[in-house]
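Some notes on the structure that comes next.
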Amino acid sequence: MALKTVSLPRNFYLDGRKLPSPDESFSIEEVRNHYSGIYPELNNSSYTEEITETEHMVTFSASVGHKG
Numbered sequence: 001m002a003l004k005t006v007s008l009p010r011n012f013y014l015d016g017r018k019l020p021s022p023d024e025s026f027s028i029e030e031v032r033n034h035y036s037g038i039y040p041e042l043n044n045s046s047y048t049e050e051i052t053e054t055e056h057m058v059t060f061s062a063s064v065g066h067k068g
């Protein structure tokens with residue numbers, strides 16, 4: 001059985017909105033910094049990554065309004 005290499009698109013999500021990748025060479029932190037001017041809640045956000053058969057999904061979770 002031969003191995004197959006597949007390049008998956010990297011998609012970013014915030015509150016159910018899909019954010020297009022500004023540049024494929026950007027790190028996740030650089031993408032967060034890029035969008036923080038439009039979405040200030042990204043400044044203190046965390047993220048999770050999930051790889052499916054069709055995409056590399058990065059979901060930002062805003063920490064605004066959370067105590068502790």
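Per full-length UniProt numbering, the sequence shown starts with residue 1, numbered consecutively.
The beta-carbon is built from N, C-alpha and C at its ideal position, and this holds for glycine as well.
Here the structure is a predicted model, which is why all the values come from computation and not from measurement.
Item                                                                                                                                                                                 : Value
For E8 versus E55, is the C-beta spacing smaller than 7 Å?                                                                                                                           : Looking at the sequence itself, residue 8 is Leu, so the reference to Glu does not match. Contact: yes.
Give every residue of the same chain whose Cβ lies closer than 6 Å to the Cβ of R32, excluding the five residues on either side of it in the sequence, and list them in chain order. : L42
Grouping DSSP H, G and I as helix and E and B as strand, with all else coil, what is L3?                                                                                             : coil
Look up Y13 in the DSSP assignment and say whether it is helix, strand or coil.                                                                                                      : strand
Please name the residue in K18, V6, K4 whose C-alpha comes closest to that of Y39.                                                                                                   : K18
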